[in-house]
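Trainee: Encoded as structure tokens, here's the structure I'll be asking about.
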Amino acid sequence: HTQRKSHQQPMQPSATGQYPSPPSKRPKLEHPTSFPSVAAALSSNSTSQSKTASSTPATTATNTIKTAATTTMTTTPSSLSVTPTPSFASTTKNSTNNNSSITTTNTALNGKAGVCAIDVQAVEFNWRQPWQRLSQVGGSGTGFVIDGHRILTNAHVVDAAVDVRVRLLGSAKKYKANVWIQAPDVDLAILTLDNPEEEQAFFYDKQDPSKSIALQFSDMLPSLQERVQVCGFPTGGKTICVTEGVVSRIDVRSVSVDTRVNALSIQIDAAINSGNSGGPVFDNSGKVAGVAFQKMADKSSDNIGYIIAASTVRAFLSRCHDAKQQAAITAAAAQPPPPQQQQQVE
Numbered sequence: 301h302t303q304r305k306s307h308q309q310p311m312q313p314s315a316t317g318q319y320p321s322p323p324s325k326r327p328k329l330e331h332p333t334s335f336p337s338v339a340a341a342l343s344s345n346s347t348s349q350s351k352t353a354s355s356t357p358a359t360t361a362t363n364t365i366k367t368a369a370t371t372t373m374t375t376t377p378s379s380l381s382v383t384p385t386p387s388f389a390s391t392t393k394n395s396t397n398n399n400s401s402i403t404t405t406n407t408a409l410n411g412k413a414g415v416c417a418i419d420v421q422a423v424e425f426n427w428r429q430p431w432q433r434l435s436q437v438g439g440s441g442t443g444f445v446i447d448g449h450r451i452l453t454n455a456h457v458v459d460a461a462v463d464v465r466v467r468l469l470g471s472a473k474k475y476k477a478n479v480w481i482q483a484p485d486v487d488l489a490i491l492t493l494d495n496p497e498e499e500q501a502f503f504y505d506k507q508d509p510s511k512s513i514a515l516q517f518s519d520m521l522p523s524l525q526e527r528v529q530v531c532g533f534p535t536g537g538k539t540i541c542v543t544e545g546v547v548s549r550i551d552v553r554s555v556s557v558d559t560r561v562n563a564l565s566i567q568i569d570a571a572i573n574s575g576n577s578g579g580p581v582f583d584n585s586g587k588v589a590g591v592a593f594q595k596m597a598d599k600s601s602d603n604i605g606y607i608i609a610a611s612t613v614r615a616f617l618s619r620c621h622d623a624k625q626q627a628a629i630t631a632a633a634a635q636p637p638p639p640q641q642q643q644q645v646e
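Plus 300 on top of the position in the sequence shown (first one is 1) and you've got this note's numbering.
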């Protein structure tokens, strides 16, 4: 508020030689947000405002100050700048976003029925003495069900495996599996069950036998800062473990022991520990955005994990399909012709 100087006569001492009492200080106006009925004052007309101002001390539009010389000064405050209160629409929007994030997380975790634990017994060769093998060692990893009654995992999980067992979430039964295709260049492998009669019990839902538990791959790369969930069976327990993080980087780097082979990989800050290798990483749509395979164990780095992008996985599966067709053609060509055709040839 602009202060106004009052034209007052200089104070003179009285007959007794005493000066009159000093003028009283100007009263402070309350903050606009502390007015009891700001919304009503804004919506009412000027007549109702003046009436309300004269009846309510806290909202007086005119302040009267009496000085010692009985001079009256009238000040009118400037227009009030009222801070708008938050609307219910914004609150409802935030609440909706929170609920949607919870729903997205639940949708992403619906695919955990297709995640399985893999127990491996491996015997590696002694490269210094190729005619001998090293002692048998045990390991574990994670895999998940894909189309075609197959299980996808990392190649290093089943490397040099002599016995592979898979177990679904919530089941104590372990199914014997075989390594069908192994691709160390992209660190991916496909497993199949040893007994085809067990495929119905393993690859289909227990509640709905006609529904497959195979997971679907995402058609697009996740964006930076997009939330992802890593599912697997890492060390520290026997049940499934779910960690959540965001996409930190999308880059081309080595995904195999051979550092000369590079592929598209995604860096995330979700925890990836021993046993998570081969597990699916879900995006916001609930589809598989990649396969967890590596983390940086450098002491100077924290929360750096890598997953193989879904586009690389689809290229690998396409190669496997072509290889299967080529193998079927080769096997058919290697079979001897029927006896009738042999006689015709002769």
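Where is the CB? At the ideal position from N, CA and C, for every residue including glycine.
How about the region 560-577 and the region 491-510: do they share at least three Cβ pairs that are nearer than 8 Å?
Mentor: no
Trainee: Note the first and the last residue of the continuous beta strand (DSSP E) segment covering Glu544.
Mentor: Residue 544 sits at position 244 when you count from the first residue of the sequence shown. Element bounds for Glu544: Cys541 to Ser554.
Trainee: Between Phe593 and Val486, is the Cβ-Cβ spacing less than 7 Å?
Mentor: Working through the sequence shown from its first residue, we reach residue 593 at position 293. Working through the sequence shown from its first residue, we reach residue 486 at position 186. No, the Cβ-Cβ distance between Phe593 and Val486 is not below 7 Å.
Trainee: So what's Leu491 in DSSP terms, helix, strand or just coil?
Mentor: The residue given as residue 491 occupies position 191 in the sequence shown. Here Leu491 sits in strand by DSSP.
Trainee: Once you ignore the five residues that flank Glu499 on each side, which residues in its own chain have a CB closer than 8 Å to its CB?
Mentor: Numbered from 1 along the sequence shown, position 199 holds the residue referred to as residue 499. Here the set comprises His449 and Leu493.
Trainee: In this structure, what does DSSP give as the bridge partners for Gln625?
Mentor: Along the sequence shown, one-based indexing puts residue 625 at 325. For Gln625, which the question treats as bridged, DSSP gives no partner whatsoever.
Trainee: Taking C-beta to C-beta, are Ala247 and Val464 nearer than 7 Å?
Mentor: Because the chain spans 301 through 646 in this model, residue 247 falls outside it and cannot be assessed.
Trainee: Taking the alpha-carbon positions, what's the Val591 to Pro636 distance?
Mentor: Here residue 591 refers to the residue found at position 291 of the sequence shown. Here residue 636 refers to the residue found at position 336 of the sequence shown. Cα to Cα, Val591 sits roughly 42 Å from Pro636.
Trainee: For the beta strand (DSSP E) holding Gln567, just list the boundary residues, first then last.
Mentor: By one-based count along the sequence shown, residue 567 stands at place 267. From DSSP, the beta strand (DSSP E) with Gln567 extends over Asn562 to Ile568.
Trainee: Just to confirm my understanding: we take Ala628, look at its own chain, exclude 5 residues before and 5 after, and list those with CB closer than 6 Å. What are they?
Mentor: As a first step, residue 628 is located in the sequence shown; it is residue number 328 there, counting from the start. Counting only Cβ-Cβ distances below 6 Å, and skipping sequence neighbours, we find nothing.
Trainee: By Cβ distance, which residues of its chain are closer than 6 Å to Leu524, with the 5 residues on each side in sequence left out?
Mentor: Counting from one through the sequence shown, the residue named residue 524 turns up at place 224. The residues are Val547.
Trainee: Helix, strand or coil: which one does DSSP assign to Gln527?
Mentor: Locating residue 527 in the sequence shown gives position 227, where the first residue counts as 1. It should be pointed out that residue 527 corresponds to Arg in this sequence rather than to Gln. For Arg527, the secondary structure class from DSSP, reduced to helix, strand or coil, is strand.
Trainee: Nearest by alpha-carbon distance to Gly545: which of Ile513, Phe582 and Thr539 is it?
Mentor: For this step, residue 545 is matched to residue 245 along the sequence shown. Checking every option, the nearest Cα to that of Gly545 belongs to Phe582.
Trainee: Nearest by alpha-carbon distance to Ala413: which of Ser601, Gly536, Ser565 and Thr442 is it?
Mentor: Locating residue 413 in the sequence shown gives position 113, where the first residue counts as 1. Taking only the C-alpha atoms, the option nearest Ala413 is Thr442.
Trainee: Quick one: residues in its chain with C-beta nearer than 7 Å to the C-beta of Gln482, no 5 flanking neighbours on either side, listed in chain order?
Mentor: Within the sequence shown, residue 482 is the residue found at index 182, counting from 1. If we look at Gln482 and ignore the five residues flanking it on each side, its Cβ neighbours are Ala455, Val458 and Ala489.
Trainee: Does Lys595 pass the burial test, meaning 16 or more other C-beta atoms within 10 Å, or should it be called exposed?
Mentor: Your numbering for residue 595 matches position 295 in the sequence shown. Flag for Lys595 reads buried.
Trainee: Alpha carbons only, please: which of Glu526, Arg614 and Gly532 is nearest the one belonging to Gln516?
Mentor: Locating residue 516 in the sequence shown gives position 216, where the first residue counts as 1. Selected option, being the one with the closest Cα: Arg614.
Trainee: At which residue ranges does the region 421-474 contain complete beta strand (DSSP E) runs of 3 or more residues, listed in the order of the chain?
Mentor: Listed in chain order, the beta strand (DSSP E) runs fully inside the region 421-474 are 437-446, 450-453 and 461-468, counting runs of at least 3 residues.
Trainee: What does the alpha-carbon distance come out to for the pair Ile540 and Ser611?
Mentor: Counting from 1 along the sequence shown, the entry for residue 540 is found at position 240. Counting from 1 along the sequence shown, the entry for residue 611 is found at position 311. Between Ile540 and Ser611, the C-alpha separation is close to 26 Å.
Trainee: CB-CB under 6 Å to Gln429, same chain, minus the five flanking residues each way: which ones, in chain order?
Mentor: Residue 429 sits at position 129 when you count from the first residue of the sequence shown. Within the same chain, no Cβ atom closer than 6 Å to the Cβ of Gln429 is found once the five residues on either side in sequence are excluded.
Trainee: Using a Cβ-Cβ cut-off of 8 Å (strictly less than) and excluding sequence neighbours within five positions of Ala633, which residues of its own chain qualify?
Mentor: Within the sequence shown, the letter at position 333 stands for residue 633. So the list is empty, once near-sequence residues are dropped.
Trainee: Look at the Cβ atom of Pro484, then the Cβ atom of Ala589, and state whether they are nearer than 7 Å.
Mentor: The count along the sequence shown starts at 1 and reaches residue 484 at position 184. The count along the sequence shown starts at 1 and reaches residue 589 at position 289. In this structure, Ala589 does not lie closer than 7 Å to Pro484 by Cβ.
Trainee: Please report the residue range of the alpha helix (DSSP H) in which Phe503 lies.
Mentor: In the sequence shown, counting from the first residue as 1, residue 503 sits at position 203. Here the alpha helix (DSSP H) through Phe503 covers Glu499 to Phe503.
Trainee: What is the rounded straight-line gap between the Cα of Lys538 and the Cα of Gly411?
Mentor: The residue labelled residue 538 in the question sits at position 238 within the sequence shown. The residue labelled residue 411 in the question sits at position 111 within the sequence shown. About 18 Å.
Trainee: So, is Ala461 buried or exposed, given that buried needs 16 or more other C-beta atoms within 10 angstroms?
Mentor: Here residue 461 refers to the residue found at position 161 when the sequence shown is read from its first residue. Result: buried.
Trainee: What does a CB cutoff of less than 6 Å around Ala609 pick up in its chain, not counting 5 residues either side in sequence?
Mentor: Numbered from its first residue, the sequence shown carries residue 609 at position 309. The residues are Leu564, Ile566 and Gly590.
Trainee: Who does Asp598 pair with in a DSSP beta bridge?
Mentor: Position 298 of the sequence shown, counted from the first residue, corresponds to residue 598. DSSP output for Asp598 lists no bridge partner at all.
Trainee: Out of Val528, Arg527, Thr543 and Ser518, point me to the one whose CA is closest to Pro534's CA.
Mentor: Position 234 of the sequence shown holds residue 534. Answer by Cα proximity: Thr543.
Trainee: Identify which residue in Val445, Val423 and Val528 has its Cα closest to the Cα of Gly578.
Mentor: Your numbering for residue 578 matches position 278 in the sequence shown. That would be Val445, whose Cα lies nearest to the Cα of Gly578.
Trainee: So, helix, strand or coil for Gly578, using DSSP?
Mentor: Here residue 578 is taken as the residue at index 278 of the sequence shown, counted from 1. Note: Gly578 maps to coil in three-state DSSP.
Trainee: Can you tell me which of Trp427, Leu434 and Cys416 puts its alpha carbon nearest to the alpha carbon of Ser440?
Mentor: Here the question's residue 440 lines up with position 140 in the sequence shown. If we check each option's Cα against that of Ser440, Cys416 comes out closest.
Trainee: Ile568 and Gly605 look like a contact to me (Cβ under 8 Å); what is the Cβ gap, rounded to whole Å?
Mentor: Taking the sequence shown and counting its residues from 1, the one referred to as residue 568 is at position 268. Taking the sequence shown and counting its residues from 1, the one referred to as residue 605 is at position 305. So it is a contact: roughly 5 Å between Cβ atoms.
Trainee: What does DSSP give as the partner residues of Asn478 in its beta bridges?
Mentor: Position 178 of the sequence shown holds residue 478. The partner list for Asn478 (beta bridge, DSSP) reads Thr492.
Trainee: In terms of residues, what are the limits of the beta strand (DSSP E) holding Ala609?
Mentor: The count along the sequence shown starts at 1 and reaches residue 609 at position 309. Unbroken beta strand (DSSP E) run through Ala609: Gly605 to Ala609.
Trainee: Would you report the Cα separation of Lys599 and Ala514, rounded to the nearest angstrom?
Mentor: Within the sequence shown, numbered from 1, the residue matching residue 599 stands at position 299. Within the sequence shown, numbered from 1, the residue matching residue 514 stands at position 214. Each residue's Cα considered, the two are about 37 Å apart.
Trainee: Which of the three DSSP states, helix, strand or coil, is assigned to Phe533?
Mentor: The residue you call residue 533 lines up with position 233 of the sequence shown. In the structure shown, Phe533 falls within a coil segment according to DSSP collapsed to helix, strand and coil.
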